[in-house]
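Undergrad: Attaching a single structure in structure tokens format; questions to follow.
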Amino acid sequence: MRETISQLEKIIVDYTPMLKDVDEEKFSNKPNPKKWSKSEILGHVIDSAQNNIRRFIVAQYEDAPLVEYDQDQWVSISNYQARSSRDLIELWVLLNRHICSILENTSTAAGNRTCQTDHGKVSSISHLAKDYVAHLKHHLHQILELEPIEY
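Residues 15 to 165 in our numbering are what the sequence shown spells out, letter by letter.
Printed below as a string of structure tokens:
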């Protein structure tokens with residue numbers, strides 16, 4: 015788990031300045047009506063952070079809880095398109111620092127506990143944390159127009 019925490023801490027340090035350098039207009043530009051803007055993609059990873067926080071906590075005291083979400087509904091209802099990039103970045107940083115704190119306080123035994131996600135898939139907290147980091151990097155590279163990372 016320590017490696018996953020270190021990776022997430024490094025992502026926060028490395029990517030936050032790059033996110034702050036993206037122009038507000040570019041953040042809110044929608045490539046087409048059916049595609050998410052950079053603001054909405056960042057909102058999606060904010061939603062992912064929130065849902066994973068719930069998974070990382072609830073799975074430590076309930077047996078294989080079901081924690082799933084409809085990503086399109088969350089992005090739409092949260093209306094990230096209308097939020098400033100500064101607010102979204104700040105929220106993203108705080109949620110990810112919170113995830114680091116939760117994972118630091120998760121024992122090895124607790125890291126092996128499981129959670130059900132979308133479509134009843136069962137994964138350990140440890141696996142979910144690693145997957146969250148991969149998912150996050152994939153989307154950060156989309157936002158920043160860096161070399162794509164497959165997810």
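Even for Gly, the Cβ is constructed at its ideal location relative to N, Cα and C.
Model, not experiment: these values are computed from the prediction.
1. Per DSSP, what kind of secondary structure is V136 in: helix, strand or coil?
2. Quick one: measure Cβ to Cβ for S53 and S42, integer angstroms, because I've assumed they're closer than 8 angstroms.
3. By DSSP, does Q130 sit in helix, in strand, or in coil?
4. Can you tell me where the alpha helix (DSSP H) holding M32 begins and where it ends?
5. On the DSSP letters alone, give me the boundaries of the alpha helix (DSSP H) that V89 sits inside.
6. Going by other Cβ atoms of all chains shown within 10 Å of its Cβ, with 16 needed for buried, is I157 buried or exposed?
7. Going by DSSP in three states, L150 sits in which element: helix, strand or coil?
TA: To lay it out plainly:
1. The sequence position of residue 136 within the sequence shown is 122, counting from 1. Three-state result, V136: strand.
2. Start at 1 with the first residue of the sequence shown, and residue 53 comes out as number 39. Start at 1 with the first residue of the sequence shown, and residue 42 comes out as number 28. Right, their Cβ atoms sit about 5 angstroms apart.
3. Counting from one through the sequence shown, the residue named residue 130 turns up at place 116. Residue state, collapsed to three classes: strand.
4. For the purposes of this step, residue 32 is taken as residue 18 along the sequence shown, with counting starting at 1. R16 to K34 is the extent of the alpha helix (DSSP H) around M32.
5. Here residue 89 is taken as the residue at index 75 of the sequence shown, counted from 1. Run containing V89: Q85 to S92, per the alpha helix (DSSP H) assignment.
6. On the sequence shown, position 143 is the one that residue 157 refers to. Its Cβ being crowded by 16 or more others within 10 Å, I157 is buried.
7. Taking the first residue of the sequence shown as 1, we reach residue 150 at position 136. Helix at L150.
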